[in-house]
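Asks:
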Amino acid sequence: MSASTLKEQMHSRWQAIQDRIAAACQRSGRRSSEVHMIAVTKYGSIEVTQAALDLGLVHIGENRWQDARPKWEALQDKGIWHFIGHLQSNKVKEVVGKFDYIHSLDRLSLATHIDQQAKTLGIQVQAFIQLNVAHEETKFGLAPEDMLGFVKQISSFQHLRIAGLMTMAPYVEQSESTRSIFRQLRLLRSNLNQSGILPYEVSHLSMGMSNDFEVAIEEGATWIRLGSILIGKS
Ligand SMILES: *Cc1c(COP(=O)(O)O)cnc(C)c1O
C-alpha cells in the first residue's frame with residue numbers, strides 16, 4: 182500500500198471514529214474533550230504509527246516491548262507512549278522511562294519494580310490498576326475485591342501515581358452486554374476515592390476497545406484504546 186493510501190484510509194477511519202465518539206458523548210451528556218484516545222498500533226508498522234501521529238493522535242498504545250521497540254526507537258519524541266499489555270517484571274527496566282503510562286498494574290511485585298526503576302530515573306510513572314471485573318480465567322488483572330488491599334500496599338510508593346483503573350471487557354457480539362462491566366469499573370473508582378487511602382483523587386477510567394468503545398464512553402471512559410478500527414484488521 183502506498184503511503185498516501187495508508188494516510189487516506191486512516192484519516193477517514195479516524196473521522197468516522199470521531200463522529201461515533203461525539204455521538205456517544207452526546208447520548209450520555211459528556212463532553213468529547215473528556216474522552217482521550219489511545220491509538221493502539223501493536224499490529225501496525227512504523228509507517229502506521231507515523232500515520233497515526235500525523236493525524237494528531239499523540240497517544241500510542243503497545244502491548245509488548247519487543248514489538249514496540251522499533252516504533253519507539255524511530256518515533257519516541259513524537260508520541261506519548263502507553264504500555265497496555267501484561268508487563269513482566271524483567272521488562273520493567275525497558276519500559277519505565279519510555280512509556281509515560283502503564284495500564285496493566287496488577288500485582289505488588291510489579292508495582293515494586295516500577296517504583297524502584299522510576300526512583301532510579303528520578304521520575305514518576307502514571308499507572309492504571311488493571312481489574313479483571315468479569316473474573317475471566319484467561320485475563321490478567323486483579324480481582325475487584327482485592328483492589329483496596331492492593332492500593333494500601335502501594336500507597337506509600339513515591340514514584341508511582343495511580344492515574345486510574347483499567348479493564349478489558351469480554352469479547353461479545355453485542356457490545357451492550359459489556360455495559361455492566363464498565364459500570365462496575367466506575368463504581369470501583371468511587372469505592373477507591375471514598376476509601377481515602379490515596380492522598381489524591383483517582384480520576385481516570387481506561388476502558389473501551391474497537392468493539393465496545395461507545396458503551397464504555399456512555400459509562401464514563403476517559404481513555405479508550407482503539408486498534409483494529411483505526412489501523413484496519415491485520
Ligand atoms: C489490542 C488491545 C486493544 C485494542 O484492541 P482493538 O480491539 O483492536 O481495538 C486495547 N487494549 C488492549 C489491552 C489491547 O491489548
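Numbering (the numbering used here), first residue to last: 182 to 415. Virtual Cβ for every residue (Gly too), placed ideally from N, Cα, C. Small disclaimer: the values here were computed from a predicted structure and weren't measured.
Going by DSSP in three states, H294 sits in which element: helix, strand or coil?
Replies: Translated into positions along the sequence shown, residue 294 becomes position 113. DSSP places H294 in helix when its eight states are reduced to three.
Asks: Go ahead and label D287 buried or exposed: buried means 16 or more other beta carbons lie within 10 angstroms of its beta carbon, across all protein chains shown.
Replies: Along the sequence shown, read from residue 1 onward, the residue named residue 287 stands at position 106. Buried: at least 16 other Cβ atoms inside 10 Å.
Asks: From A255 to T319, what distance separates their C-alpha atoms?
Replies: Within the sequence shown, numbered from 1, the residue matching residue 255 stands at position 74. Within the sequence shown, numbered from 1, the residue matching residue 319 stands at position 138. Whole-angstrom Cα-Cα distance: 33 Å.
Asks: Check whether the Cβ of V276 lies closer than 8 Å to any heavy atom of ligand 1, and answer yes or no.
Replies: Your numbering for residue 276 matches position 95 in the sequence shown. Because no heavy atom of ligand 1 lies under 8 Å away, the Cβ of V276 does not count as near it: no.
Asks: Tell me E243's beta-bridge partners as DSSP assigns them.
Replies: Taking the sequence shown and counting its residues from 1, one reaches residue 243 at position 62. Looking at the DSSP assignment, E243 forms a beta bridge with F264.
Asks: So, are the CB atoms of S376 and H284 less than 9 Å apart?
Replies: The residue labelled residue 376 in the question sits at position 195 within the sequence shown. The residue labelled residue 284 in the question sits at position 103 within the sequence shown. For S376 and H284, no; Cβs fall outside 9 Å.
Asks: So is the beta-carbon of M218 under 8 Å away from any non-hydrogen atom of ligand 1?
Replies: Taking the sequence shown and counting its residues from 1, the one referred to as residue 218 is at position 37. Not under cutoff, so the answer is no.
Asks: At what residue ranges does the stretch 272 to 340 contain a whole run of the beta strand (DSSP E), taking only runs of 3 or more?
Replies: Complete beta strand (DSSP E) runs here, min 3: 282 to 286 and 306 to 311.
Asks: Tell me where the beta strand (DSSP E) around V221 begins and ends.
Replies: Along the sequence shown, read from residue 1 onward, the residue named residue 221 stands at position 40. Note, V221: beta strand (DSSP E), H217 to V221.
Asks: Apply the 10 Å Cβ neighbour rule to G242 and answer buried if 16 or more other Cβ atoms are within range, or exposed otherwise.
Replies: Taking the sequence shown and counting its residues from 1, the one referred to as residue 242 is at position 61. Looking at its Cβ environment, which holds 16 or more other Cβ atoms inside 10 Å, G242 is buried.
Asks: With a CB to CB cut of under 7 Å and the five nearest residues on each side skipped, what residues in its chain are close to V396?
Replies: Walking along the sequence shown from the start, residue 396 turns up at place 215. Contacts found: S356, E357, T359, R360 and F363.
Asks: Where does the unbroken alpha helix (DSSP H) through R370 begin, and where does it stop?
Replies: Looking up residue 370 in the sequence shown gives position 189. Start and end: R360 to S376.
Asks: Taking the C-alpha atoms as reference points, what is the distance between K414 and S391?
Replies: Along the sequence shown, one-based indexing puts residue 414 at 233. Along the sequence shown, one-based indexing puts residue 391 at 210. Rounded to the nearest angstrom, the two C-alpha atoms are 11 Å apart.
Asks: Please name the residue in G345, Q339 and Q334 whose C-alpha comes closest to that of L312.
Replies: Residue mapping note: residue 312 aligns to position 131 of the sequence shown, counting from 1. Closest option to L312, Cα to Cα, is G345.
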